[in-house]
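Novice: Letter by letter, the sequence shown follows residues 1 to 252 in UniProt numbering.
Virtual Cβ for every residue (Gly too), placed ideally from N, Cα, C.
Remember, it's a predicted structure, so these values are computed and weren't measured experimentally.
Just passing along the structure, written as C-alpha cells.
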Amino acid sequence: MLASNASLSGCAELNSALCAGAGEGHPGGGSLRTTLSPTGHLVVAVCLGFIGAFGLLNNLLVLVLFCRYKMLRSPINLLLINISVSDLLVCVLGTPFSFAASTQGRWLIGAEGCVWYGFANSLCGIVSLISLAVLSYERYSTMITPTEADSSNYRKTSLGILLSWVYSLLWTLPPLFGWSHYGPEGPGTTCSVDWTAKTANNMSYIICLFVFCLIGPFLVIVYFDLLNWMVGGAIPAPAHWPHMLLFPNYNT
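Written out as C-alpha cells, the structure is:
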C-alpha cells in the first residue's frame, strides 16, 4: 500500500545501486550514493535552475495572457492552458527539490519526498503528453470545419482536459500501491519510476507505461498531424483561417 511504499527504512526499498552502507551518510541508515563529481552536480544544478526559472516565468506569462485577453479563451486554447498548468506544477512541485539536491550532491527530503517527487513529475508529464494528443485531434477537427473554428464547444475540450488528468492518474497511482515503485534515479538527486529493477512486477509496469503513455500518445499525434497535412493540401482554407485558430471569438 501507500504506506509501505513511503515508509522506507534507510535504503531498504530505494534503488540499491544508489545506496551506501549504514553510517556512510546519516545516522539513521544508508544514504544515496552519488555517481557525479561535485563539478557535475554544479553543472546539473545550474541547468535545473535555468530550466526551472525559465519554465516558471514562461508558463506564468502564458496564463497571465489567457486571463487578461478574453479573445484567447477559446476551447482549443484551453488545452494550451492545461499544458501550461501541468508544466508550471513541475516547476513548482518538482524542479526546486532536484535543484536543491544537486547543489548539495544528495537527495535532501527523504524517502517520502522521493516518492512524492516521482509521482508529481510523472503525473504532470503524462498530462502534457495526453494534452498534446488531444490538441492534435482538435486541430484536425478545426481543419475539417474551419469556418466554425470550434468556438463554442467547451464541453468537448473540457472532457479532453479531464481525460488527460484521469488517464495520467490511472498510470501514476499504481506504483504507490505495489505495481513497481518510485525511487531515486541517475546520480541520486532526482526520483522517478524504478527503471532498473528486473522483476516481473516492475518490468510489466515499465512496458505498459512505455506503450500506453509514450508510444500511444506519440502515434495519435503523428496520425492526426498527417491528416492535418493531407487535409490542409486538399481543402483551401479561408484567408483568415490562421487568425481563427488563435482568436476564434474575435470578429474579423
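Going straight from the alpha carbon of residue 66 to that of residue 215, what length do you get?
Specialist: If you number the sequence shown from 1, residue 66 lands on position 66. If you number the sequence shown from 1, residue 215 lands on position 215. For residue 66 and residue 215, the distance between alpha carbons rounds to 31 Å.
Novice: Considering only heavy atoms of the ligand GTP, does any lie closer than 8 Å to the CB of residue 62?
Specialist: Absence of the ligand GTP from the depicted structure is noted, as is the absence of any ligand whatsoever, leaving it without description.
Novice: Between 89, 118, 71, which lies nearest to residue 128 when the distance is taken from Cα to Cα?
Specialist: Counting from one through the sequence shown, the residue named residue 128 turns up at place 128. Ranking the options by Cα distance to residue 128, first place goes to 89.
Novice: Inspect the CB distances between the region 103–115 and the region 52–65 and report whether three or more fall short of 8 Å.
Specialist: The answer is no - the region 52–65 does not touch the region 103–115, with fewer than three Cβ pairs under 8 Å.
Novice: Helix, strand or coil: how does DSSP classify residue 189 here?
Specialist: Numbered from its first residue, the sequence shown carries residue 189 at position 189. It is coil, neither helix nor strand.
Novice: Hey, residue 94 and residue 77 are a contact pair by Cβ (cut 8 Å); roughly how many whole angstroms apart?
Specialist: Here the question's residue 94 lines up with position 94 in the sequence shown. Here the question's residue 77 lines up with position 77 in the sequence shown. Not confirmed; about 25 Å, so no contact.
Novice: As a quick exercise: from 193, 155, 217, pick the residue whose alpha carbon is nearest that of residue 172.
Specialist: For this step, residue 172 is matched to residue 172 along the sequence shown. The shortest C-alpha separation from residue 172 is found at 193.
Novice: So, under 8 Å CB-CB, residue 218 and residue 136 are touching, yes? Tell me the CB distance rounded to an integer number of Å.
Specialist: Position 218 of the sequence shown, counting from 1, holds the residue named residue 218. Position 136 of the sequence shown, counting from 1, holds the residue named residue 136. The pair is not a contact, with the Cβ atoms about 10 Å apart (cut-off 8 Å).
Novice: Take residue 228 and list the residues in its own chain whose beta-carbon comes closer than 7 Å to its own, dropping the five residues that flank it on each side.
Specialist: Position 228 of the sequence shown, counted from the start, is the residue given in the question as residue 228. Correct list, in chain order: 139, 140, 143.
Novice: Roughly how many angstroms separate the alpha carbons of residue 5 and residue 181, rounded to a whole number?
Specialist: Residue mapping note: residue 5 aligns to position 5 of the sequence shown, counting from 1. Residue mapping note: residue 181 aligns to position 181 of the sequence shown, counting from 1. Low confidence applies here, because residue 5 scores a pLDDT of 43, under 50, leaving its location unreliable; read the following figure in that light. The alpha-carbon atoms of residue 5 and residue 181 are separated by roughly 7 Å.
Novice: What is the rounded straight-line gap between the Cα of residue 123 and the Cα of residue 92?
Specialist: For this step, residue 123 is matched to residue 123 along the sequence shown. For this step, residue 92 is matched to residue 92 along the sequence shown. If you take the alpha carbons of residue 123 and residue 92, they lie about 14 Å apart.
Novice: To the nearest angstrom, how far is it from the Cα of residue 261 to the Cα of residue 222?
Specialist: Any question about residue 261 goes unanswered here, given that the chain covers just 1 to 252.
Novice: Measure the C-alpha to C-alpha separation of residue 174 and residue 96 and round it to an integer number of angstroms.
Specialist: Taking the first residue of the sequence shown as position 1, residue 174 is located at position 174. Taking the first residue of the sequence shown as position 1, residue 96 is located at position 96. Approximately 25 Å between the Cα atoms of the pair.
Novice: I'd like the list of long-range same chain contacts for residue 82, defined as Cβ closer than 6 Å, with 5 residues on each side in sequence excluded.
Specialist: As a first step, residue 82 is located in the sequence shown; it is residue number 82 there, counting from the start. Answer for residue 82: 131, 161, listed in chain order.
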